[in-house]
Structures are given as structure tokens and as C-alpha cells.
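Single-structure report; data block below.
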Amino acid sequence: MKRFGARVAHAGFVLWAVATLTFLLFRLMPGDPTLNFLSDSFSEEMRADLLQSFGLDKPLPEQYLIYLGSLLRGDLGVSFLQKRPVLDILLAALPNTAALTVTALVIAYAFGIVAGAFLAFARGTVTEGIAIPAALITRAAPEFWLGMLLLSWLSFAWGIFPSGGANVAGSEFTSEWARLTSVDFLWHLVLPALTLALYLQGLPLLLMRATMLEVLNDEFIVMARMKGLSRWAIVMRHAARNALLPVATAFALGLGSSFGGNVVIETVFSWPGLGRVLVSAVQGADYPLAQGAFIMIAAVLVLMNMVADLLYAWLDPRVSVGARR
Amino acid sequence: MPGASAVARRPVLPGFVRATLGFLRRQPFAVAGLAIYLLFIVTAIFADQIATHDPREILFRGAYRVARYLPPSTTHYLGTTAGGRDVFSQLVHGSRSALQVGVTAAFFVVVIGTLLGLLSGYLGGWVDRVIMRIADIILGLPFLPFVLVISALTRPGTTTLVASVALMLWPNTARVIRSQVLSLRERGWVEAARVTGCSTWRIIFVHIAPQVAPLAALYGSIAVGWAILTEASASFLGFGDPAAISWGLMLQDAFANQALSRGVWSWFVPPGLCIVALVLAGFLVSRGSEKLLFPKLGD
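Listed in order, the protein sequences are those of chains S and B. One point on numbering: in this note's numbering, the residue at position 319 of the first sequence is 325, and numbering is uninterrupted. One point on numbering: in this note's numbering, the residue at position 218 of the second sequence is 578, and numbering is uninterrupted.
Here is the structure:
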């Protein structure tokens with residue numbers, strides 16, 4: 007419990023530091039940030055009005071306190087270009103990013119775990135000689151390029167899947183849940199999720215294989231073998247369980263980093279998620295929106311890093327034994 | 361007593377050299393990785409001789425007709441772009457910026473990561489706490505979004521990219537080096553150096569640093585790949601140096617000019633393959649050297 011508290015406090019510290027860094031980044035960069043972010047067509051009065059409405063005319067320490075206060079209240083300001091609260095825009099994009107990330111991660115890890123465990127038994131075979139470099143190649147390929155290949159092949163050349171977006175334009179749904187479970191949405195989800203899964207599966211595959219090889223040399227496996235247990239029972243009940251530890255942690259870490267890493271995939275497939283909001287906000291100099299999107303992506307990352315640590319301590323009691331005493 | 365440092369250093373070099381030679385024979389993956397590196401280095405050096413055209417030149421066919429979307433031929437090995445430029449020549453020149461970005465970023469990652477890891481691990485105390493806290497904060501920043509925001513707030517370009525990649529990647533190296541140093545500093549020969557009155561700096565940089573150098577090199581070869589992938593992603597999203605010729609920009613150009621719907625495979629497939637090959641080379645080398653560094657893993 008003490009460890010739990012300490013880890014949460016640590017996550018809180020990192021979140022505060024990231025928020026502060028973001029504040030400084032957006033305000034202390036060389037050049038006047040307001041000039042960067044307000045378009046040239048603004049008159050001097052409009053600019054002064056805007057500065058005032060965003061609190062940019064106040065001294066920096068005061069701005070900082072106001073900023074932290076609004077962050078805690080969940081108020082991320084109003085978008086320059088869309089004239090809507092930033093939080094609303096982000097919350098509208100969040101389900102799309104979550105659906106894409108979770109689907110891709112589940113596919114990638116289900117495949118990676120099974121294939122990795124299988125490869126641990128295929129040591130020194132031709133299969134291994136082909137599978138390992140293949141896994142490395144998918145890790146080395148830029149995600150957006152994988153997306154471009156799938157897009158040109160399955161969408162443009164064969165016309166099986168739509169080339170972008172999350173829903174057919176103009177479609178209406180009774181609720182957000184109805185939209186996310188509609189056939190139309192899932193059909194649009196296939197290509198981006200497949201691309202992301204293709205990129206992500208290498209890590210669980212290699213990790214599962216490596217830990218599996220390590221576990222198979224452990225004494226309790228030798229013991230199980232001496233007891234005359236079947237190979238299947240040894241693999242599933244004894245080895246895989248222990249080998250899954252680092253993979254479970256990697257899953258949580260992957261969830262955190264994919265939320266931000268989706269930026270390129272969302273751009274290739276015009277997927278209306280958080281990453282795309284960030285890119286277009288940065289390109290359009292929409293400074294409150296860019297800041298809000300960045301903080302939200304960072305918050306998910308920090309939270310998932312914390313979950314990964316806690317998960318590891320919970321799954322593997324050896325890690326936390328010392329702390330509990 | 362100078363004997364202590366001599367004793368400490370003697371087993372390092374010959375053993376390392378012998379192991380390297382042996383590993384080149386036993387590690388076909390690593391050799392393949394080095395061969396790919398070599399191929400791209402040669403291409404980058406002789407880019408002007410290898411390229412068939414000026415990669416920036418807008419080509420014409422006949423009078424005033426820009427040579428757009430030409431299919432691969434003997435004059436244009438990989439055809440031409442929407443802007444009438446030669447794809448093959450851009451590809452060849454792209455190796456320069458890829459290597460430049462990869463190697464400089466990796467250099468800074470290794471130097472900063474090793475230095476801070478050494479200080480953190482050996483000195484401990486508040487130095488350790490401060491460095492590791494900063495590392496924690498950086499690991500809490502989303503990688504690509506941070507690079508994009510930095511590029512947008514400063515001048516987008518290669519220098520910004522390299523700096524932000526180095527800034528984001530050093531914590532991984534520093535953490536690993538630190539844990540290595542924590543075990544190294546308890547070893548007998550470091551103890552001996554300390555007892556004989558070696559200064560702290562001498563112990564860190566003469567006695568411990570050479571021991572962690574191979575580990576740092578391993579993280580460097582992975583950083584090369586990360587930097588190249590990041591440069592490609594940032595360029596693809598429009599945050600690269602628009603004047604440069606890079607594989608990422610080629611892909612962005614192809615994507616923005618309907619190369620996908622037109623099915624111009626010869627334009628958008630080769631740059632991606634080059635990125636894969638160069639990043640893969642780093643992985644192969646690091647996998648090979650991993651076995652050299654941690655022989656137990658190989659069993």
C-alpha cells in the first residue's frame with residue numbers, strides 16, 4: 007500500500023512537471039508566442055482583446071497560477087480557430103483514438119504472445135531464421151509507410167476498405183456508443199488498426215520469446231518435467247504464466263505511448279483522433295488546442311507508465327516484497 | 361601506484377578485440393547489419409556520382425512540358441515525381457541526410473546519456489536524484505508530439521530535430537549505464553583505485569567509462585534508427601526541413617500528390633525500403649553486440 011501511494015505521488019509529480027514544462031515551452035520560446043499563434047489578419051485591437059481574454063496580458067507567474075488552477079478544474083481554454091472549448095474538442099476525438107489504440111494493441115499482443123511462445127520452441131529452425139528478421143523489419147518500418155502500402159493496395163488498388171476517416175460523411179447516430187459499434191465505423195477501423203498492430207506486434211513477439219527461453223531454463227520447469235507433466239501443461243500452466251509478466255507491463259506502456267505515437271497513422275488515414283487534432287492545431291497555430299492536446303496525450307502516457315509499474319509489482323510479488331516489510 | 365590502473369585495464373582490450381573478431385564470424389546478422397551500413401555510407405559519399413540527375417532539378421520533356429509521373433525507364437530508374445524530379449536521384453541523395461541525422465543524434469544520445477549515467481551511478485546522492493528525476497520527467501513526455509511542438513515553436517529543420525531526439529532519448533541510455541556503474545563501482549579494482557588515491561574523475565573516466573563503452577555503443581546503434589524514423593515521421597507530417605532532400609520528405613511529397621491513388625509504386629515504395637534497411641541495420645548490429653556483451657543470453 008505504501009508503495010502504491012509512493013508511485014501515485016511520483017506520477018503526480020511527473021504530471022505537474024510536464025504541465026509546467028508545457029507552460030514554459032509555449033510561452034518562453036524565442037520570439038513572441040502571440041505573434042506565432044495569432045494570424046496576420048488580426049488587427050491590433052483584436053490582438054489586445056484576445057490577449058486579455060486568454061490572460062496573456064498578465065505577468066508570467068500570475069499566468070502560471072491561473073493556468074495550473076484551470077488545469078485542475080479541467081478547463082483547457084478555448085480554441086483560437088474553432089471557437090469551442092478545447093476540452094470538448096479533445097473529448098470528441100478521444101473515443102476514436104482509444105478505439106484505434108486498444109483494438110490494435112489487443113490484436114498485436116494476442117498475435118505476438120502466441121507467435122513468440124511458439125518461436126521459443128522453434129530455436130535453431132528455419133522458421134526462426136525467417137520469423138525473427140521479419141519481426142525486426144516490421145519494427146524498423148515507419149508506421150506511416152506501412153499505412154501507405156496497405157492503403158494503396160487494399161483501398162486504392164482493390165477497393166476493399168475506405169481510404170480514410172472514421173465514418174461515412176453525413177452519417178448520424180443516436181449515441182456515441184452506437185457510432186463506435188456501427189459496422190461503418192468498424193469497417194473504417196480495419197486498415198488503421200491493422201497498420202498499427204503490424205507495427206506493434208514485434209515487441210510482444212520478441213519479448214515473449216526471450217522471456218520464454220529464460221523461463222524454460224528455470225528449476226521449476228525442470229521439476230515439472232521430472233514430474234512427467236505433458237509438454238502442453240508445462241508451457242501453458244507453468245512457463246507462459248511467468249513469461250507473460252514483462253509482456254503485460256509492455257502492454258500498459260504501449261497503451262500510453264501509442265496514444266501519442268498514433269499521430270502519423272491518424273494522419274495517413276485521416277482518422278479523427280487526438281494525434282490528428284494535435285498536428286492540425288500545431289500547423290494552424292491554434293495554441294490553446296495544441297497545448298491541451300499535448301497535455302492530454304502526456305497525461306495518458308504518465309498514467310499508463312504508473313499502471314505498468316503497479317501491474318508489475320502486483321503480478322510479480324518478488325518485486326514488492328522488500329517494500330511491504 | 362600506477363600498477364592498479366594497468367591491472368584494471370589489461371583484460372579489457374585484447375579480450376574485446378578477440379571477442380569482436382570471433383563475433384564477426386559467429387554473428388551473420390551483425391555482419392549483415394554492418395554491410396548495410398557500409399553500403400549506405402558509400403552511397404552517401406559518392407551520391408553526386410551515383411545519382412543520374414540533379415535531385416532538385418525540374419525535368420522537362422519536349423518544350424515546356426514538365427516530366428511528371430514518368431514510369432521507370434533507363435533514363436529514370438524509378439521514374440519521376442509529380443514535380444518532375446528524378447526519384448532515383450532523390451533516393452541516393454536522401455542517404456546523406458538520413459545518415460547525418462542518425463549519426464549526429466546517436467552521438468549526442470550516447471555522449472549525454474553516458475556522461476549523466478556515469479555521474480548519477482558513481483556519485484549517487486543528490487546528483488543521482490536530480491538526474492533521475494529529470495529522466496523521469498522526460499520519459500513522461502510523449503516522444504513524437506514533443507518533437508512536433510518543439511519544431512513548431514522554433515525553426516523547423518534538421519538541427520531542431522536532432523536536438524529534440526537527443527533530448528528525448530538520453531534517459532534510456534543514462535538509466536542503463538547508471539545501473540551498470542552501480543555494480544561496477546563495488547568491484548575490487550575500483551576499490552583498489554580508490555584506496556590508492558585516484559581522484560573521483562579519474563576513476564569515473566579512466567576506470568569505469570571504458571567498461572560501459574560497449575553498452576553505450578549498443579544504445580547508440582538503436583538511437584540511429586530512432587532518429588531516422590523520427591526524422592521521417594516529422595518530415596511526413598510537414599515539420600522537416602523543406603529545403604532538405606530526405607526519404608521522409610519524399611514520402612510526404614508522394615502522399616500529398618496522390619501517388620497512392622495513382623498507384624505510382626516506384627515513387628513511394630523505395631524510400632520506405634531504404635528507411636527499413638538502415639534502421640534494421642542498427643537492430644541487427646545491436647542484437648549481435650548484445651550477445652557479445654551478455655554472453656549468458658545467447659545460451
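Each residue gets a CB set at the ideal place from its N, CA and C atoms; glycine is no exception. Just so we're clear, the structure is a prediction, and the values are computed from it rather than from any experiment.
Beta-carbon proximity of Leu316 (chain S) to Ala99 (chain S), cut-off 7 Å: No, the pair does not count as a contact, with Cβ atoms beyond the cut-off.
With 7 Å set as the bound, which would you pick, yes or no: does the beta-carbon of Ser76 (chain S) sit closer than that to a beta-carbon of chain B? With 7 Å as the cut-off, Ser76 (chain S) does not count as an interface residue toward chain B.
Can you confirm whether the region 492-499 of chain B touches the region 17-30 of chain S when touching is taken to mean that 3 or more C-beta pairs between the two stretches lie within less than 8 Å? Verdict: yes, contact present.
Tell me which residue opens and which closes the alpha helix (DSSP H) that His453 (chain B) is part of. Unbroken alpha helix (DSSP H) run through His453 (chain B): 447-483.
Taking the straight line between their C-alpha atoms, what separation do you get for Ala246 (chain S) and Phe389 (chain B)? Taking the straight line joining both Cα atoms gives about 28 Å.
Taking all protein chains shown into account, do 16 or more other C-beta atoms lie within 10 angstroms of the C-beta of Val14 (chain S), making it buried, or fewer, making it exposed? Counting Cβ neighbours within 10 Å, Val14 (chain S) comes out exposed, since fewer than 16 surround it.
Name the DSSP bridge partner or partners of Val426 (chain B)? For Val426 (chain B), which the question treats as bridged, DSSP gives the partners B:Phe420.
Mind listing, in chain order, the continuous alpha helix (DSSP H) runs of no fewer than 4 residues lying wholly within the region 489-532 of chain B? If we require 4 residues or more, the alpha helix (DSSP H) runs fully inside the region 489-532 of chain B come out as 503-513.
Who are Val84 (chain S)'s beta bridge partners in DSSP? Per DSSP, S:Pro91.
Under 7 Å, do Ala614 (chain B) and Phe628 (chain B) count as touching if we go by C-beta distance? Yes. Within cutoff.
So, helix, strand or coil for Thr187 (chain S), using DSSP? Under the three-state reduction of DSSP output, Thr187 (chain S) falls in the coil class, being neither helix nor strand.
Here's the rule I'm using: 16 or more other beta-carbon atoms within 10 Å means buried, otherwise exposed. How should Asp446 (chain B) be labelled? Buried, because 16 or more other Cβ atoms sit within 10 Å of the Cβ of Asp446 (chain B).
Out of curiosity, what's the CA-to-CA distance linking Met361 (chain B) and Val555 (chain B)? Residue confidence for Met361 (chain B) is low, a pLDDT of 42 falling below 50, so the modelled location carries little weight and cannot support an answer.
Just how far apart, CA to CA, sit Leu459 (chain B) and Tyr429 (chain B)? If you take the alpha carbons of Leu459 (chain B) and Tyr429 (chain B), they lie about 28 Å apart.
Check the Cβ of Ala99 (chain S) against every Cβ in chain B and list those closer than 8 Å, keeping chain order. None at all; the shortest Cβ gap to chain B is about 14 Å.
Counting only Cβ pairs nearer than 8 Å, list the residues of chain S close to Val396 (chain B). According to the sequence provided, residue 396 (chain B) is Ile. The question's Val does not apply to it. Chain S residues near Ile396 (chain B): none, gap ~11 Å exceeds 8 Å.
Taking DSSP's pairing of strands, which residues face Thr3 (chain S) in a bridge? It is not possible to answer for residue 3 (chain S), since the shown part of chain S is limited to 7 through 331.
Answer yes or no: do Leu206 (chain S) and Ala114 (chain S) have a C-beta to C-beta separation smaller than 7 Å? In contact: Leu206 (chain S) and Ala114 (chain S) (Cβ atoms closer than 7 Å).
Could you check if Gln58 (chain S) is buried or exposed, using at least 16 other CB atoms within 10 Å of its CB as the buried criterion? It counts as exposed.
Would you say Gly500 (chain B) reaches chain S, if we count a Cβ-Cβ gap shorter than 7 Å as a contact? Yes, contact with chain S.
Trp561 (chain B) to Ile582 (chain B) span [Cα, whole Å]: Distance between the alpha carbons of Trp561 (chain B) and Ile582 (chain B): 28 Å.
Would you grab the beta carbon distance between Ala314 (chain S) and Ala258 (chain S) for me? Rounded to a whole angstrom, and I think it's under 8 Å. At roughly 4 Å, the Cβ-Cβ gap stays under 8 Å, so Ala314 (chain S) and Ala258 (chain S) are in contact.
Rounded to whole angstroms, what's the CA-CA distance from Ile136 (chain S) to Phe406 (chain B)? Just pull it up for me. Computed Cα separation, rounded: 33 Å.
How far does the alpha helix (DSSP H) with Val584 (chain B) in it extend, from its first residue to its last? Taken as a continuous stretch (DSSP letters only), the alpha helix (DSSP H) holding Val584 (chain B) covers 569-596.
Bridge partner(s) assigned by DSSP for Thr440 (chain B): BP columns for Thr440 (chain B) point to B:Asp446.
Look at the Cβ atom of Val308 (chain S), then the Cβ atom of Ala17 (chain S), and state whether they are nearer than 7 Å. Contact: yes.
Three-state class that DSSP yields for Glu546 (chain B) in the structure shown: It is coil, neither helix nor strand.
With a Cβ-Cβ cutoff of 7 Å, do Leu638 (chain B) and Ile568 (chain B) count as a contact? Going by C-beta atoms, Leu638 (chain B) is not nearer than 7 Å to Ile568 (chain B).
Are Gly165 (chain S) and Thr201 (chain S) closer than 7 Å when you measure CB to CB? Result no, Cβ atoms of Gly165 (chain S) and Thr201 (chain S) do not sit closer than 7 Å.
Say whether chain B places a C-beta atom closer than 7 Å to the C-beta of Phe124 (chain S). Interface with chain B (7 Å Cβ-Cβ cutoff): Phe124 (chain S) is excluded.
Assuming Leu501 (chain B) and Ala304 (chain S) form a contact by the criterion Cβ under 8 Å, report the distance between their Cβ atoms to the nearest whole angstrom. By a beta-carbon distance limit of 8 Å, Leu501 (chain B) contacts Ala304 (chain S). Their separation comes to about 6 Å.
Do Leu438 (chain B) and Pro630 (chain B) count as a contact pair if the criterion is CB distance below 7 Å? Taking 7 Å as the Cβ cut-off, Pro630 (chain B) and Leu438 (chain B) qualify as a contacting pair.
Chain S beta carbons: is any one of them nearer than 7 Å to that of Ser455 (chain B)? Residue-level contact by beta carbon fails for Ser455 (chain B) and chain S, as no gap is shorter than 7 Å.
What are the residues in the region 503-523 of chain B lying within 8 Å of chain S by C-beta distance? Cβ contacts with chain S come from Phe503, Leu504, Pro505, Phe506, Leu508, Val509, Ile510, Ala512, Leu513, Thr514.
So what's Cys558 (chain B) in DSSP terms, helix, strand or just coil? Shown here, Cys558 (chain B) sits in coil according to DSSP, grouped into three states, outside any helix or strand.
Rounded straight-line distance, which links the Cα of Trp607 (chain B) to that of Asp601 (chain B): Distance between the alpha carbons of Asp601 (chain B) and Trp607 (chain B) is about 12 Å.
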